[in-house]
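Have a look at the structure below, then the notes.
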Amino acid sequence: MLAECRLCAHACGANRLAGQTGPCRAGAETRFFSAQIEVSDELELVPTYAVALSGCDLRCDFCITGAPSWNPRLGQGFAPAEMAERAVAALADGARTVMILGGEPTIHLPTALEFVSFLPQEARVIWKTNAHGHAGARELAEGMFDVWLADYKFGNDACAQRLARTPGYSAIVRENLLWARDHTELIVRHLLMPGHVECCWRRVAEWLAANLPGVKTSLRAGFWPAWRAGRHAELRQNATIADQARAFALARELGLKLIS
Amino acid sequence: MKKRPPQPSGNPPGEARDSGLLILADGRILAHRLTRALAGVLAELNPADEGMARRAGRKTVPNDEHPNGD
Chain D
15 MLAECRLCAH ACGANRLAGQ TGPCRAGAET RFFSAQIEVS DELELVPTYA
65 VALSGCDLRC DFCITGAPSW NPRLGQGFAP AEMAERAVAA LADGARTVMI
115 LGGEPTIHLP TALEFVSFLP QEARVIWKTN AHGHAGAREL AEGMFDVWLA
165 DYKFGNDACA QRLARTPGYS AIVRENLLWA RDHTELIVRH LLMPGHVECC
215 WRRVAEWLAA NLPGVKTSLR AGFWPAWRAG RHAELRQNAT IADQARAFAL
265 ARELGLKLIS
Chain A
616 MKKRPPQPSG NPPGEARDSG LLILADGRIL AHRLTRALAG VLAELNPADE
666 GMARRAGRKT VPNDEHPNGD
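Those sequence lines, one after another, are chains D and A. Basically the working numbering = 1-based index in the first sequence + 14. Basically the working numbering = 1-based index in the second sequence + 615.
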């Protein structure tokens, strides 16, 4: 898989085993920058043992984790069996789920699958993804994760290109979300960006209402101007209370199934 | 304030754990990589926030509060 990498939708074909890199800059090694029990995700998933892998295929200027998400060489080497032992200990200590996230874990899918193979069958495993994976990657992952917690970040390709340098974003994410609906439990998450209620959230919400009716939707209103958000005037602030109110009102108007 | 037992973290002893907090001028507090221990602190600051109480492991009743975070 890594000899001609097409795990994410960039499908760059880099030979990561030979030291080539594509847009994610990842080589053959998987590293992680955080592994701990957390409670900030959706209530039905927490406490979760969240394992964050370094590196990502997107370049969101407002990335909350910043450097380790952009740089796959940061963090510690990831040993699947050892991490699985830690996850099992966390489950015994009160975690309800195990969450694999990033960065973007899709770029490390082979390692992630190996990690899951070491977990007990009854462990509830969450795949926290940007939904920008290649079709081949999601098929490899079929049946391996109990829940897809998938971001739908941008409501249009222009915002995706400007804020995350990602071309053709909408079609890829929509295809993955429709696939996930048919193959696993799905929660769609949208981070409300200041100044993007109409161009992004409204379009996301309308598409969800029309194409994924009843899907669990997590509207996250706690944007903060992290990493390189300051490059964009509208992202130098938090979402206003008025923006938040408008966004939740829109969700209710469209009949979205909001979860918190 | 009642004293609570330490919460499990899933981390080996001595390994760093971290969360992020952003306190806004209007009093709102945003949290990232929230641990249960920190949720307990935030729940103390705002006892009316049932969502935070649930995250801290103190309530099990569903609610409509929307948490902050990424």
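Note that CB positions come from ideal geometry on N, CA and C, so glycine has one too. Computed from a prediction, not measured in an experiment: that's the story for all the values here.
Beta-carbon proximity check, residue i vs residue j, cutoff 8 angstroms
i, j, result
"A261 (chain D)", "D75 (chain D)", "no"
"A164 (chain D)", "T143 (chain D)", "yes"
"G69 (chain D)", "C38 (chain D)", "yes"
"W141 (chain D)", "A151 (chain D)", "no"
"N29 (chain D)", "A17 (chain D)", "yes"
"A101 (chain D)", "Y63 (chain D)", "yes"
"V65 (chain D)", "A49 (chain D)", "yes"
"V112 (chain D)", "T650 (chain A)", "no"
"A253 (chain D)", "F237 (chain D)", "yes"
"T44 (chain D)", "H146 (chain D)", "no"
"Y166 (chain D)", "V130 (chain D)", "no"
"F92 (chain D)", "L57 (chain D)", "no"
C-alpha distance - residue i paired with residue j, whole-angstrom precision
i, j, result
"S83 (chain D)", "E659 (chain A)", "32 angstroms"
"D107 (chain D)", "A240 (chain D)", "32 angstroms"
"R73 (chain D)", "E248 (chain D)", "17 angstroms"
"V161 (chain D)", "A32 (chain D)", "33 angstroms"
"A663 (chain A)", "S274 (chain D)", "16 angstroms"
"E118 (chain D)", "N85 (chain D)", "11 angstroms"
"A137 (chain D)", "L21 (chain D)", "25 angstroms"
"H24 (chain D)", "F168 (chain D)", "17 angstroms"
"G157 (chain D)", "I186 (chain D)", "21 angstroms"
"P134 (chain D)", "A104 (chain D)", "13 angstroms"
"D196 (chain D)", "F159 (chain D)", "13 angstroms"
"M97 (chain D)", "L59 (chain D)", "19 angstroms"
"R632 (chain A)", "P61 (chain D)", "15 angstroms"
"L272 (chain D)", "T231 (chain D)", "5 angstroms"
"D685 (chain A)", "L127 (chain D)", "Confidence at D685 (chain A) is low in this model, with a pLDDT of 44, below 50, so the placement of that residue is unreliable and no value is reported for it."
"W221 (chain D)", "W215 (chain D)", "10 angstroms"
"D71 (chain D)", "G655 (chain A)", "35 angstroms"
"A652 (chain A)", "C26 (chain D)", "42 angstroms"
"I78 (chain D)", "L645 (chain A)", "12 angstroms"
"E680 (chain A)", "W193 (chain D)", "Here the model assigns E680 (chain A) a pLDDT of 41, short of 50, so the residue's position is not dependable, and the following value carries that caveat. Each residue's Cα considered, the two are about 30 angstroms apart."
"H148 (chain D)", "K674 (chain A)", "40 angstroms"
"G228 (chain D)", "Q34 (chain D)", "42 angstroms"
"N170 (chain D)", "R188 (chain D)", "11 angstroms"
"V139 (chain D)", "D55 (chain D)", "14 angstroms"
"V211 (chain D)", "A265 (chain D)", "11 angstroms"
"A245 (chain D)", "R176 (chain D)", "This sequence places Arg at residue 245 (chain D); Ala is not what is there. So the alpha carbons of these two residues sit roughly 11 angstroms apart."
"M15 (chain D)", "S184 (chain D)", "25 angstroms"
Limits of the beta strand (DSSP E) - the one that residue i falls within
i, result
"H210 (chain D)", "No beta strand (DSSP E) holds H210 (chain D); DSSP gives it neither H nor E."
"I201 (chain D)", "199–205"
"W141 (chain D)", "139–143"
"I51 (chain D)", "45–52"
"T111 (chain D)", "111–115"
"R234 (chain D)", "230–234"
"A164 (chain D)", "161–165"
"L645 (chain A)", "644–647"
Exposure of residue i, with buried meaning 16 or more beta-carbon neighbours within 10 Å
i, result
"L233 (chain D)", "buried"
"Q258 (chain D)", "buried"
"P628 (chain A)", "Note that P628 (chain A) scores 47 on pLDDT, short of 50, meaning its location in the model is unreliable and no value can be drawn from it."
"G116 (chain D)", "buried"
"G269 (chain D)", "exposed"
"G89 (chain D)", "buried"
"L639 (chain A)", "exposed"
"N190 (chain D)", "buried"
"P208 (chain D)", "buried"
"A263 (chain D)", "exposed"
"R250 (chain D)", "exposed"
"R689 (chain A)", "One cannot answer for residue 689 (chain A) here, as it falls past the ends of chain A, which runs 616 to 685."
"E99 (chain D)", "exposed"
"R687 (chain A)", "The structure shown has nothing for residue 687 (chain A), since chain A only spans 616 to 685."
"G642 (chain A)", "exposed"
"G357 (chain D)", "No answer is possible for residue 357 (chain D): the residues shown for chain D start at 15 and end at 274."
"G182 (chain D)", "exposed"
"A172 (chain D)", "exposed"
"A224 (chain D)", "exposed"
Segment limits, alpha helix (DSSP H) that includes residue i
i, result
"E275 (chain D)", "Nothing in the structure corresponds to residue 275 (chain D), since chain D is present only between 15 and 274."
"E220 (chain D)", "217–225"
"M667 (chain A)", "665–670"
"G635 (chain A)", "Unbroken run through G635 (chain A) is the beta strand (DSSP E), 635–638; no alpha helix (DSSP H)."
"V130 (chain D)", "123–131"
"A64 (chain D)", "From DSSP, A64 (chain D) is part of no alpha helix (DSSP H) but of the beta strand (DSSP E) over 62–67."
"E659 (chain A)", "651–660"
"E153 (chain D)", "149–155"
"R266 (chain D)", "255–267"
Subject >> Selection of the region 57–89 of chain D by Cβ proximity to chain A, strictly under 7 angstroms >> reply: Correct list: L57, V60, P61, Y63, I78.
**OP:** Give, in chain order, every residue of the region 648–659 of chain A whose Cβ lies closer than 9 angstroms to some Cβ of chain D.
**Re:** R648, L649, T650, R651, L653, A654: these are the residues of the region 648–659 of chain A whose beta carbon lies less than 9 angstroms from some beta carbon of chain D, given in chain order.
**OP:** Would you list, in chain order, the members of the region 190–208 of chain D that have their beta-carbon closer than 8 angstroms to a beta-carbon of chain A?
**Re:** Shown in chain order are the members of the region 190–208 of chain D whose Cβ falls below 8 angstroms from a Cβ of chain A: L205.
Original post:
Got a sec: which bits of the region 37–50 of chain D sit with their beta carbon under 9 angstroms from any beta carbon on chain A, in order along the chain?
Top reply: For the region 37–50 of chain D, the set of positions with a beta-carbon nearer than 9 angstroms to some beta-carbon of chain A reads S48, A49, Q50 in chain order.
Original post:
According to a CB-to-CB cut-off of less than 9 angstroms, which residues of the region 130–144 of chain D neighbour chain A?
Top reply: Result list empty, no residue passes.
**OP:** Can you give me, in chain order, the residues of the region 632–644 of chain A that have a beta carbon less than 7 angstroms from any beta carbon in chain D?
**Re:** Taking a C-beta cut-off of 7 angstroms against chain D, the contacting residues of the region 632–644 of chain A are R632, L637, L639, listed in chain order.
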